[in-house]
Amino acid sequence: MKRSHRVGAICQILTESPAKIFTLNYFCDIFSVSKSTVSEDMAAARAAVEAAGYGYIETIQGASGGVKYVPAISPEKAKQVQDNLCRLLKEESRILGGGFLYTSDIMYNPEIVKGMARIFARKFINSNADYVATIETKGIPVAFMTAHFLNLPVIVIRRETKISEGATVSINYFPGSSERLQKMSISKRAAEPGSKVLIIDDFMRGGGSIKGIVEIFSEVDIEVVGTGVAIANIEPERKKVSDYFPIVHLGKVDETNKTVEVIPNFQIF
9 MKRSHRVGAI
19 CQILTESPAK
29 IFTLNYFCDI
39 FSVSKSTVSE
49 DMAAARAAVE
59 AAGYGYIETI
69 QGASGGVKYV
79 PAISPEKAKQ
89 VQDNLCRLLK
99 EESRILGGGF
109 LYTSDIMYNP
119 EIVKGMARIF
129 ARKFINSNAD
139 YVATIETKGI
149 PVAFMTAHFL
159 NLPVIVIRRE
169 TKISEGATVS
179 INYFPGSSER
189 LQKMSISKRA
199 AEPGSKVLII
209 DDFMRGGGSI
219 KGIVEIFSEV
229 DIEVVGTGVA
239 IANIEPERKK
249 VSDYFPIVHL
259 GKVDETNKTV
269 EVIPNFQIF
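The number in our numbering is simply the position in the sequence shown, starting from 1, with 8 added.
Now the structure itself:
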């Protein structure tokens with residue numbers, strides 16, 4: 009295999025398994041080359057990944073060391089993600105009754121979700137989370153993609169208790185969009201007590217659902233170490249949670265003039 013082919017294969021193997029450590033011997037075996045050759049190939053792969061603006065390859069020292077791909081995103085690439093999201097949200101055809109927007113096609117688009125997840129992965133790479141959590145349903149794709157980049161399992165909070173979940177813990181909460189009491193539940197087997205979790209969701213209006221997730225995790229002795237939302241509504245200004253990281257802010261939705269105000273989060277770096 010030519011060096012260019014080995015470098016390409018190394019990049020693919022590492023980026024397909026973010027945060028997973030591979031020994032140099034692993035690549036020596038699959039390519040049937042010496043460790044010195046693999047080291048030279050790795051240097052070329054490292055330069056290629058960094059030039060693409062989507063992370064870097066980190067060397068882990070020690071007997072159990074090796075290399076791993078650390079997902080990230082450059083400021084330029086992140087701005088492209090934000091600009092694209094703003095452009096899509098401003099489409100007048102998205103405006104629904106009551107000032108709501110149709111976003112299902114955005115949240116279920118793999119390419120768009122991947123860009124948002126890269127931003128979240130870069131933000132929370134050092135959170136020491138053991139799990140990524142979300143509440144069903146539209147937050148699931150971005151939560152799963154973020155978990156993929158961080159090499160973490162996913163917890164899905166249910167709005168209704170499922171018999172397949174086994175024993176569950178449930179709470180009642182007030183969502184931010186209304187004062188109508190709602191319910192959420194989590195399986196007792198979803199996570200180990202004493203672990204840490206990162207919350208990722210698609211949209212936040214008043215923060216009621218996020219506050220409910222924080223409360224239900226406290227009931228099962230799990231610490232929330234970060235919260236990321238793709239879209240955060242500007243109003244109400246006073247949310248039920250204070251510590252959260254949005255990709256864009258949603259402002260006024262004018263049904264009469266068919267306009268939508270969307271503002272990027274200028275503090276993502």
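Glycine is no exception: its CB is placed at the ideal position from the N, C-alpha and C atoms.
When DSSP reads this structure, Ser193 sits in a beta bridge with Arg166 and Ser178. In this chain, Gly215 is not harboured by any alpha helix (DSSP H), its DSSP state being neither H nor E.
In the three-state DSSP reduction, Glu243 falls in the coil class, being neither helix nor strand. Inclusion of Ser172 and Lys191 in the CB contact set at 8 Å is not warranted, their separation being larger than that value. Rounded to whole angstroms, the separation of the alpha carbons of Ala55 and Glu168 is 48 Å. As the crow flies, the alpha-carbon of Arg166 is around 15 Å from that of Gly216. Relative to Leu104, the option among Lys28, Val150 and Thr267 whose CA is nearest is Thr267. Here the alpha carbon of Val15 sits roughly 7 Å from the alpha carbon of Met50.
If you draw a straight line from the Cα of Ile221 to the Cα of Ile194, it comes to about 9 Å.
Under the three-state reduction of DSSP, Pro83 is assigned to helix. Judged by DSSP in its simplified three-state form, Gly63 adopts strand. Taking one beta carbon from each stretch, the stretch 141-155 and the stretch 101-115 have 3 or more pairs nearer than 8 Å; the two touch. Put simply, of Gln90, His156 and Cys36 the residue whose alpha carbon is nearest the alpha carbon of Ser25 is His156. Around the Cβ of Met9, a 10 Å sphere holds fewer than 16 other Cβ atoms; the residue is exposed. Apart from sequence neighbours up to five positions away, the residues of its chain that approach Asn159 with a beta-carbon distance below 7 Å are Pro26, Ala27 and Lys28, ordered along the chain. Annotation: Ile163 to Arg213 spans about 22 Å, alpha carbon to alpha carbon. Along the length of the stretch 64-130, whole beta strand (DSSP E) runs at least 3 residues long occupy 74-79, reported in chain order.
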